[in-house]
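To convert, note that position 126 of the sequence shown is 126 in the UniProt record's numbering; the numbers rise steadily by one, no gaps.
Glycine is no exception: its CB is placed at the ideal position from the N, C-alpha and C atoms.
Note that this is a predicted model, so its numbers are computed, not measured.
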Amino acid sequence: MANLTVSLPERQRTITGSGDLTLVEGLSLDIRPGERLALVGESGSGKSLTARSILQLDPALKLEGSITWKGCELLGASRRVLQKVRGAEISMIFQDPMTALNPVLTIGEQVAEPLLVRGVPRRKAYARAVEMLDRLGVPKAKERMRAYPGQFSGGMRQRVVMAAALVAQPQLLIADEPTTALDVRVQEQVLDLLEEQSRELNLAVLFITHDLAIVAGLAQRVAVMFRGRLVEEKPVDELFDHPDHPYTQGLIGSIPRIDLDPDTRLTTVEDYLVLQGGAHHE
C-alpha cells in the first residue's frame, strides 16, 4: 500500500465537527512473500482499520491512496475482483476467537466454507478442512468436524479460526490481535503455529497487535503506528536495540520486566512523549 488515507465521511460523523474525519493518514507499507510483519500500536492508533482497508471490509469509510496486490490495484476494484481475492489470496483472522465463529454451525461447515463458496465439491472441501485442522494440531480432526464452537476451548477455537483462514491456501494472512483473550501458554502456541505455517507455506503474515513484547519471536520486521500515522519501521532486532521515535521508545520502556523492583513505578508511553518532547512529534 502507498499513501493510504482512511477517513470517515462528514455525513457519517456523530461527533461535533465538519469535514471528513481522518483516521489513518498517508500510510505506506509493503510485505514480501513469506515475510512476517508486525503492525504495532495502542488501541485506536489505526492498526485494525489499516488491515480491514486492505480487503475493504468497511464500505462506509473513504479510502484514498493505493493498495496493490500482485500488480492489481484493489482500491476501486470491482466486487468480482475483491471476492476473488478475499479468503482465497488474502485471508484474515479476526480478534476474538470466542466471537469469530458462528455458534450454530459445525466446525466442519465453517472451515470448509471458503472452499465451498468457490465451487469446490463438498467432499473435497471437507477433506481439505480435516487436513488443515489436523495440520494445526486439532486432535481427532475428522470426528470434531461435527462439533460446535461451544465444545472447544479458547485455544482450540483459535486453531479452528486459523484453519478457516488457511484452508484456501492464501498468500497473505492478516492476523488481527489473534492472541486476545487467550492465556499466556495458548498465546505462545498460536504464535508458534503462525510462524510454522509462514515458513512451511511461504505465507506472508501481517500481524497486528498492541503488545510489542510478543512480536520479538515472531516478526522479522516491525511497523509502529501512532495516532493514525506510521512513525517507525525497522527489522525487529534493530527496533528493540535502537528505537528512534519517542513513542516506540515508550512502548518498549513500558514492557514489564521480571528483574525490576516490585515497588518501582513502571514508565508509560506518555512519560517518554513528554520527557523527550515527542507529544507532537511526527
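Report task. Would you tell me roughly how many angstroms separate the C-alpha atoms of alanine 213 and leucine 203, rounded to the nearest one? Result -> Position 213 of the sequence shown, counted from the start, is the residue given in the question as residue 213. Position 203 of the sequence shown, counted from the start, is the residue given in the question as residue 203. So the alpha carbons of these two residues sit roughly 23 Å apart.
**Report entry** chain C within 8 Å of alanine 60, Cβ atoms only
**Finding:** Absent from the structure: chain C. Only one protein chain is present.
Report task. Give every residue of the same chain whose Cβ lies closer than 7 Å to the Cβ of aspartate 134, excluding the five residues on either side of it in the sequence, and list them in chain order. Result -> Here residue 134 refers to the residue found at position 134 of the sequence shown. Cβ neighbours of aspartate 134 beyond the five flanking positions: Ala141.
**Report entry** Paired residues, beta bridge with valine 222 - DSSP
**Finding:** Position 222 of the sequence shown holds residue 222. Paired residues: Ala38, Lys234.
Query raised in the report: Hey, how far is the Cα of aspartate 58 from the Cα of alanine 219?
Result: Along the sequence shown, one-based indexing puts residue 58 at 58. Along the sequence shown, one-based indexing puts residue 219 at 219. Approximately 27 Å between the Cα atoms of the pair.
**Report entry** DSSP state of aspartate 241 mapped onto helix, strand, coil
**Finding:** Within the sequence shown, the letter at position 241 stands for residue 241. In the structure shown, aspartate 241 sits in a helix (DSSP, three-state: H, G or I).
Query raised in the report: Counting Cβ pairs closer than 8 Å, one from the region 147 to 154 and one from the region 191 to 203, do we hit at least three?
Result: no
Query raised in the report: What's the gap between the Cα of methionine 132 and the Cα of tyrosine 148?
Result: Stepping through the sequence shown from its first residue, residue 132 is reached at position 132. Stepping through the sequence shown from its first residue, residue 148 is reached at position 148. When rounded, the distance between both Cα atoms is 17 Å.
Query raised in the report: Which value, in whole angstroms, describes the spacing of the CA atoms of methionine 92 and methionine 145?
Result: Mapped onto the sequence shown, residue 92 falls at position 92. Mapped onto the sequence shown, residue 145 falls at position 145. When rounded, the distance between both Cα atoms is 21 Å.
Requested in this report: List the whole-angstrom C-beta distance separating alanine 163 from leucine 136, where the pair is believed to meet the contact cut-off of C-beta under 8 Å.
Outcome: Walking along the sequence shown from the start, residue 163 turns up at place 163. Walking along the sequence shown from the start, residue 136 turns up at place 136. So it is a contact: roughly 5 Å between Cβ atoms.
Query raised in the report: Buried or exposed: which applies to valine 184, given that a residue is buried once 16 or more other Cβ atoms fall within 10 Å of its Cβ?
Result: What you label residue 184 is simply residue 184 of the sequence shown in a count that begins at 1. Valine 184 is exposed by the Cβ-count criterion.
**Report entry** Residues that DSSP places opposite aspartate 176 in a beta bridge
**Finding:** Your numbering for residue 176 matches position 176 in the sequence shown. Ile208, per the DSSP bridge assignment.
Query - 8 Å Cβ cutoff met for alanine 38 and phenylalanine 207 - result: Looking up residue 38 in the sequence shown gives position 38. Looking up residue 207 in the sequence shown gives position 207. Going by C-beta atoms, alanine 38 is nearer than 8 Å to phenylalanine 207.
**Report entry** Integer-rounded CB distance, given that valine 224 should sit under 8 Å from tyrosine 247
**Finding:** Mapped onto the sequence shown, residue 247 falls at position 247. Mapped onto the sequence shown, residue 224 falls at position 224. About 7 Å; that satisfies the 8 Å criterion.
Query - Identity of the residues DSSP links to valine 186 by a beta bridge - result: Taking the sequence shown and counting its residues from 1, one reaches residue 186 at position 186. Beta-bridge pairing links valine 186 to no other residue.
Query raised in the report: Does DSSP put isoleucine 258 in a helix, in a strand, or in coil?
Result: Along the sequence shown, one-based indexing puts residue 258 at 258. Correct three-state label for isoleucine 258: coil.
**Report entry** Cβ-based burial, glutamine 12 [other Cβ within 10 Å; buried from 16]
**Finding:** Counting from 1 along the sequence shown, the entry for residue 12 is found at position 12. With fewer than 16 other Cβ atoms within 10 Å, it is exposed.
Query raised in the report: Would you call isoleucine 15 buried or exposed, if buried means 16 or more other Cβ atoms sit within 10 Å of its Cβ?
Result: Taking the first residue of the sequence shown as 1, we reach residue 15 at position 15. The residue in question, isoleucine 15, is exposed, as its Cβ has fewer than 16 Cβ neighbours within 10 Å.
Report task. Rank Ala51, Leu251, Ile54, Gln189 by C-alpha distance to the C-alpha of valine 231 and give the top, closest one. Result -> As a working mapping, residue 231 is identified with position 231 in the sequence shown. For the residues Ala51, Leu251, Ile54, Gln189, the minimum Cα distance to valine 231 belongs to Leu251.
Query raised in the report: residue 308 to valine 40, Cα distance in whole Å?
Result: One cannot answer for residue 308 here, as it falls past the ends of the chain, which runs 1 to 282.
Query - Inter-residue Cα distance where the pair is aspartate 30 and tyrosine 126 - result: As a first step, residue 30 must be located in the sequence shown, where it is residue number 30. As a first step, residue 126 must be located in the sequence shown, where it is residue number 126. Near 34 Å, if we compare the C-alpha coordinates of tyrosine 126 and aspartate 30.
Report task. Check whether the Cβ atoms of leucine 74 and isoleucine 67 sit closer than 8 Å, and answer yes or no. Result -> Locating residue 74 in the sequence shown gives position 74, counting from the first residue. Locating residue 67 in the sequence shown gives position 67, counting from the first residue. The answer is yes: Cβ separation under 8 Å.
Query raised in the report: Roughly how many angstroms lie between the CA atoms of aspartate 96 and threonine 106, to the nearest whole one?
Result: Taking the first residue of the sequence shown as position 1, residue 96 is located at position 96. Taking the first residue of the sequence shown as position 1, residue 106 is located at position 106. Taking the straight line from one Cα to the other gives about 18 Å.
Query raised in the report: Looking at the structure shown, is methionine 1 part of a helix, part of a strand, or coil, going by DSSP?
Result: Taking the first residue of the sequence shown as position 1, residue 1 is located at position 1. Of the three classes helix, strand and coil, the one that applies to methionine 1 here is coil, per DSSP.
Requested in this report: Determine the closest residue to leucine 172 out of Val6, Leu55, Arg265, Gly46, with distance taken between C-alpha atoms.
Outcome: Residue 172 sits at position 172 when you count from the first residue of the sequence shown. Nearest of Val6, Leu55, Arg265, Gly46 to leucine 172, Cα basis: Leu55.
Query raised in the report: Does the beta-carbon of proline 33 have 16 or more other beta-carbons within 10 angstroms, so that it is buried, or is it exposed?
Result: The residue labelled residue 33 in the question sits at position 33 within the sequence shown. Counting every other CB atom within 10 Å of its CB across the protein chains shown gives proline 33 a total below 16, marking it as exposed.
Query raised in the report: By Cβ distance, which residues of its chain are closer than 6 Å to glutamate 282, with the 5 residues on each side in sequence left out?
Result: If you number the sequence shown from 1, residue 282 lands on position 282. Confidence at glutamate 282 is low in this model, with a pLDDT of 46, below 50, so the placement of that residue should be treated as unreliable; the coordinate-derived value is given next. Closer than 6 Å at the Cβ level, and outside the excluded window around glutamate 282, lies no residue.
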